[in-house]
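Undergrad: Protein chains in written order, with our numbering: chain V, 28 to 361; chain W, 28 to 361. Sharing a structure, written as structure tokens. Questions coming.
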């Protein structure tokens, strides 16, 4: 069996598709006395995946590890071992592991606004139409696996929001009605399910994705960049989990000046994160405007949170900031 | 103005109501040269609350802090200052801060199963009926403030689940149909909104609440105990946020033996947490059966996760474990 090597050394940044891609390097797993256990575990993991697909079931990484406790001599001692084999299988078939029936432990992502999600009842096969305009102050919680969902929408764009508090404000005031959009709460660094949901939704209706995060290196490098181009150490997956159509609405370093926002001083860890991104991140290195933004922030020595807009009144964000920004989409950061 | 003192020294455990309650100790805030700023801030915070209620709006702690940036000399320098004043106001009026229009930053809690949540459209006043049986593999995400929600249900009980992965398994297989229940994902230590939701729902229909967590001191002392009796440093709120009707379904230390579960060794921090609970926690000290369970776990020196049941097959938890446990509700831990 030949597997692609999964490491940064076997990765390049693809400007046209907008994500990291694998170079051709492969490693081989042959059946010898030394590899017999790993070989057996790989086959067992493939068999588990086959069973999951045939029975329309799912297993988390953790559950797959525990299932192996019944594999006699082939059982895994620790979960990192089973995770590695699972990722090998995933890379071997060049699919994402949700398609193999393996799902992450963590959910994440809430949705409200102009969207109907189409799911089905597992027992009856009945189509279920989930209308995200009819949740009041609540929201639709994205499931762990989103591969089978379908969408209907007449929204103009998707607005992804970093914090639950800001999401709740926009939901409470039905902001999606006024702006004709879909609101998605990322809840910090977005989970795989959340990223995949945004990607599939954006692809299916050709929707732009605007991202509204805190104005700090964590919001840019961790939350936004993970959503847009994926992560470096899972390059074989980024094809599915990145959202190349994403753009950063704010809070930009320039917004801090333009909107006279209350700030906090950058911590050492913020400055290090920004400098690291300038030096090592192929995504940042690809875009001059991102380099300028990070350099501006390092020079200003301050950061600002989404909630800082509340200085001008609790609903300033909906009445002034978002409409003004959305009128100049071309000025968003790439 | 007289405020109740908010500290453990002013708290007692009330066996009949099932939560910590405040003793009578009060502190006074009078208008003097030294207190003029705090006094003004307290009045400003009360005025903000009044405005929130009148306009049916909300503000997170963080937003309230930023709003104060417009209070000239009365502005807060750091958020802990504004949080303290907000909690004073809350304790002063003896209400929870959601009722004052102040909401937490964090959402949390997903719901699926035999429940209709009744909310309303803020703009039109139209009643919105959210049917939690019709979410497919997704779920209803609990809003930050749940005070105005109403419920319809014919479920027999509420099943609260620690991990998103286990919740997803039960949802995926429509377990709520078979067991005639409502499934709630706690997502680790439950947020205020999630605890308040469970409490209001359980109160409104006289439903028992069964809690399914990992078999370890964190699952017992942090997740379960916070849900059931609230937390020590917010005693003036526990009346609203505790769920006295909760009982622990499992994973109990005895389950680890009875179901021959794969285990992990207890870490030093687990043992310390269990010993601390035995020594200092008035809730544990109230129940002999809890003391015996924690002592049994310390003696066994192992812990087991919810997912460990997968050793017997991925759906053993639904086909065997939960039905067997639910047939003996009287043996649940209090």
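Virtual Cβ for every residue (Gly too), placed ideally from N, Cα, C. As the structure is a computational prediction, the values presented were derived from the model and not from experiment.
1) Between residue 335 of chain V and residue 289 of chain V, which are expected to be in contact by the criterion C-beta below 8 Å, what is the C-beta distance as a whole number of angstroms?
2) Would you say residue 152 of chain W lies against chain V (beta-carbon separation less than 9 Å)?
3) Quick one: is the Cβ of residue 128 of chain W within less than 8 Å of any heavy atom of the ligand GTP?
4) Just to make sure I have the definition right: I need the residues of chain V whose C-beta is within less than 9 Å of the C-beta of residue 329 of chain W. Which are they?
5) Helix, strand or coil: which one does DSSP assign to residue 176 of chain W?
6) Can you tell me which of the three DSSP states residue 65 of chain W falls into?
7) Put residue 292 of chain W into one of helix, strand or coil per three-state DSSP.
8) Using the Cβ count rule (16 or more neighbours within 10 Å means buried), how would you classify residue 162 of chain W?
9) Hey, would you say residue 169 of chain W sits closer than 9 Å to residue 135 of chain W, going by beta carbons?
10) So what does DSSP say about residue 44 of chain W, is it helix, strand or coil?
11) Taking the alpha helix (DSSP H) that residue 230 of chain W belongs to, which residues open and close that run?
12) Three or more beta-carbon pairs under 8 Å between the segment 199-208 of chain W and the segment 291-299 of chain W, yes or no?
13) Per the contact definition of three or more C-beta pairs closer than 8 Å, is the segment 237-244 of chain V in contact with the segment 150-157 of chain V?
14) Of all the options V/79, V/74, V/115, V/64, which has the alpha carbon lying nearest to the alpha carbon of residue 99 of chain V?
15) What distance in whole Å lies between the Cβ atoms of residue 185 of chain V and residue 145 of chain V, which are believed to be in contact at a cut-off of 8 Å?
16) Name the two residues that bound the continuous beta strand (DSSP E) containing residue 274 of chain V.
17) Quick one: measure Cβ to Cβ for residue 50 of chain V and residue 30 of chain V, integer angstroms, because I've assumed they're closer than 8 Å.
18) Name the DSSP beta bridge partners of residue 239 of chain V, please?
19) Is the beta carbon of residue 171 of chain W less than 9 Å from the beta carbon of residue 131 of chain W?
20) How long is the line joining the alpha carbons of residue 376 of chain V and residue 181 of chain V, rounded to whole angstroms?
21) For residue 110 of chain V and residue 119 of chain V, what's the separation of their Cα atoms in angstroms?
22) Quick check on residue 233 of chain W: buried or exposed, where buried means 16 or more other Cβ atoms within 10 Å of its Cβ?
23) CA-CA distance, residue 337 of chain W and residue 343 of chain W?
24) Can you tell me where the alpha helix (DSSP H) with residue 3 of chain W in it begins and where it stops?
25) Going by DSSP, what residues sit across from residue 91 of chain W in a beta bridge?
26) Would you say residue 355 of chain W reaches chain A, if we count a Cβ-Cβ gap shorter than 9 Å as a contact?
27) Quick one: what does DSSP say residue 359 of chain W is sitting in, helix, strand or coil?
28) Determine the contact status of residue 138 of chain V and residue 224 of chain V, defining contact as a CB-CB distance below 9 Å.
29) Going by C-alpha to C-alpha distance, which of W/308, W/88, W/300 sits closest to residue 245 of chain W?
30) Which residues in chain V have a C-beta closer than 8 Å to the C-beta of residue 116 of chain W? List them in chain order.
31) Please confirm if residue 245 of chain W has its CB atom under 9 Å from at least one CB of chain V.
32) So residue 337 of chain V contacts chain W; which residues on that side make the cut at Cβ distance below 7 Å?
33) What residue range does the beta strand (DSSP E) around residue 109 of chain W cover?
34) What are the boundary residues of the beta strand (DSSP E) that residue 147 of chain W is part of?
35) Of all Cβ atoms in chain W, is any one closer than 9 Å to the Cβ of residue 166 of chain V?
36) Restricting to runs no shorter than 4 residues, where is the alpha helix (DSSP H) found entirely within the segment 282-338 of chain V?
TA: This is what the structure holds:
1) 5 Å
2) Contacts with chain V at 9 Å (Cβ-Cβ) do not include residue 152 of chain W.
3) The model on display carries no ligand, and the ligand GTP is accordingly not part of it.
4) The premise fails here: residue 329 of chain W is roughly 14 Å from chain V at the closest Cβ pair, so nothing lies under 9 Å.
5) Coil at residue 176 of chain W, not helix or strand.
6) Helix at residue 65 of chain W.
7) strand
8) buried
9) The answer is yes: Cβ separation under 9 Å.
10) coil
11) 219-232
12) no
13) Short answer: they don't touch.
14) V/64
15) Between residue 185 of chain V and residue 145 of chain V the Cβ distance is about 17 Å, and since that is not below 8 Å, they are no contact.
16) 273-277
17) Actually they do not touch by this definition, with Cβ atoms about 14 Å apart.
18) V/188, V/277
19) yes
20) It is not possible to answer for residue 376 of chain V, since the shown part of chain V is limited to 28 through 361.
21) 14 Å
22) exposed
23) Distance between the alpha carbons of residue 337 of chain W and residue 343 of chain W: 7 Å.
24) Any answer about residue 3 of chain W is impossible in this case: the structure gives chain W only from 28 up to 361.
25) Partner(s): none; residue 91 of chain W has no beta bridge.
26) Looking at the structure shown, chain A is missing, and the protein chains on hand are V and W.
27) Residue state for residue 359 of chain W is assigned as coil, using DSSP reduced to three classes.
28) yes
29) W/300
30) Those do not exist, as residue 116 of chain W stays about 17 Å from chain V at its closest Cβ, beyond 8 Å.
31) No, residue 245 of chain W does not count as interfacial toward chain V.
32) 90, 93, 94
33) Segment 106-120 is the alpha helix (DSSP H) holding residue 109 of chain W; no beta strand (DSSP E) there.
34) 143-147
35) yes
36) For secondary structure counted as the alpha helix (DSSP H) over 4 or more consecutive residues, the segment 282-338 of chain V holds these complete runs in sequence order: 295-307, 309-313, 315-327.
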